[in-house]
Amino acid sequence: MPELPEVEVICRGLRPELCGRRLARVALGDKPLRQSSSPRELAQWLPGRKLERLCRRGKYLVFRFEGHVTLVIHLGMTGRLWLDHQLAPLPHVHAVFTWEGGLIMAFQDVRRFGSILIFPPKAPVQPLKALGREPFSRKTTPEWLQAQARGRSRPIKNLLLDGRFLAGLGNIYACEALWAAGIHPATPAGQLTLKEWQKLLREIRRLLRRAICRGGTTINDYLNSKGETGLFQLELAVYGREGDPCRRCGESIARQVQAGRSSFFCPRCQPRHPTE
DNA sequence: CACCCCACCTGCGTGC
DNA sequence: TGCACGCAGGTGGGGT
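Under full-length UniProt numbering, the residues of the first sequence are numbered 1 to 276, in order.
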């Protein structure tokens, strides 16, 4: 669910409330998350520390505390982070962070695919080390992307979903970006021309910026840190629109499964074997 | 190494 | 109404 824009919106909502504030305590629920530090580790490193910086990396939220302690939270498919001054009796709350002044951050996650990980000073922040480049980084250029894809036979859609290559894109925005760039999702990544990479990177950035402005995409579960939905679902061109008319040419949107995930595309606007 | 599949979970919509 | 099935925004371990 939460891809780069949704995580960015949550990050921007949390930052002004939490930066400079001290964390009082953390409580974990009984049911395990897919990946989580133990209650003991969290209790050892977090209580009493002031949050110095909060940022997003890919789909991860990175909380930097004083003393070089790092808390990493991933929301998986259905994770949410709420801020409130009291703990509402919500189902599926698996962690509660209480900050000084009584501010409460609840981690709610129906499917429990999320993760909460603590990294002591000097410990390598494992999940971030494996991440690829940020779409908005100046180091991410069409030339770099093409060089990374050189010789690769895997479909461009699958490569876009690979966080070790480009961080933050998920199924929705990968489909939308390929539609915007007019590239068939099954095109072997190594076959994209430099022109196509230029177009694709431009569209990825435009799409992500716009989605962030709209507060993200809410299909079923996504809510920001205040409990509000996003609006970008109203502007989706292909995702979830199988059989509906293409917003550009009217052709019926197609769906095809790639690497176990649905790809939505317009067969006319995104022809096979683009140029080449 | 490159790539794919599947498990990890719960809930919801659809069709019988 | 009830049930069985397919599907869902992510990740990473293991197999080919």
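Each residue gets a CB set at the ideal place from its N, CA and C atoms; glycine is no exception. Values in this document were obtained by computation on a predicted structure and should not be read as measured data.
Once you ignore the five residues that flank residue i on each side, which residues in its own chain have a CB closer than 7 Å to its CB?
{"i": "S153", "result": "P188 and G190"}
{"i": "Q198", "result": "P142"}
{"i": "V238", "result": "C175, E176, W179, I253, F264, F265 and C266"}
Assign residue i to buried or exposed, taking buried as 16 or more other Cβ atoms, counted over all protein chains shown, within 10 Å of its Cβ.
{"i": "E276", "result": "Legend: pLDDT at E276 = 43, less than 50; position of this residue unreliable, no value from coordinates given."}
{"i": "H184", "result": "buried"}
{"i": "G76", "result": "buried"}
{"i": "S38", "result": "exposed"}
{"i": "K195", "result": "exposed"}
{"i": "S115", "result": "buried"}
{"i": "N158", "result": "buried"}
What residues in its chain sit with their C-beta under 6 Å from that of residue i, if we drop five residues either side in the sequence?
{"i": "A186", "result": "P155"}
{"i": "P5", "result": "L208, A211, I212 and G216"}
{"i": "A181", "result": "K199, L200 and E203"}
{"i": "F119", "result": "T70 and V125"}
{"i": "S262", "result": "R255"}
Just tell me which of the options has its CA closest to the CA of residue i.
{"i": "Q108", "options": "R210, K31, L161 and Q256", "result": "K31"}
{"i": "P16", "options": "L46, A27, R49 and C55", "result": "C55"}
{"i": "E251", "options": "Q233, Q270 and S263", "result": "Q270"}
{"i": "Q126", "options": "L208, V62, E203 and R112", "result": "V62"}
{"i": "L128", "options": "T217, L71 and I253", "result": "L71"}
{"i": "L103", "options": "G114, R34 and R22", "result": "R22"}
{"i": "F165", "options": "S262, W144 and R272", "result": "W144"}
{"i": "residue 289", "options": "S36, R57, A27 and V96", "result": "In the structure as shown, the chain starts at 1 and stops at 276, and residue 289 therefore has no counterpart that could be examined."}
Per the DSSP calculation, residue i is bridged to which residue(s)?
{"i": "T98", "result": "R25 and I104"}
{"i": "K50", "result": "R22"}
{"i": "D109", "result": "G79"}
{"i": "D84", "result": "I104"}
{"i": "I116", "result": "S36 and I73"}
{"i": "V261", "result": "Here the sequence assigns Arg to residue 261, which means Val is not the residue at that position. DSSP lists Q258 as partners of R261."}
{"i": "L166", "result": "R133"}
{"i": "V93", "result": "Q108"}
Between residue i and residue j, which are expected to be in contact by the criterion C-beta below 8 Å, what is the C-beta distance as a whole number of angstroms?
{"i": "A147", "j": "E100", "result": "Incorrect: roughly 48 Å between the Cβ atoms, too far for contact."}
{"i": "E235", "j": "G215", "result": "Not quite, the Cβ-Cβ distance comes to about 12 Å (not below 8 Å), so this is no contact."}
{"i": "K59", "j": "E134", "result": "Wrong, their Cβ atoms sit about 11 Å apart, outside the cutoff."}
Can you give me the Cβ contacts of residue i inside the same chain, cut-off strictly under 8 Å, excluding the 5 residues immediately before and after it?
{"i": "L14", "result": "L54, L61, L81, L83, M105 and S225"}
{"i": "H85", "result": "G102, L103 and I104"}
Relative to the ligand MG, is the shortest distance from any of its heavy atoms to the C-beta of residue i smaller than 6 Å?
{"i": "A149", "result": "The ligand MG is not among the ligands present in this structure, which contains no ligands whatsoever."}
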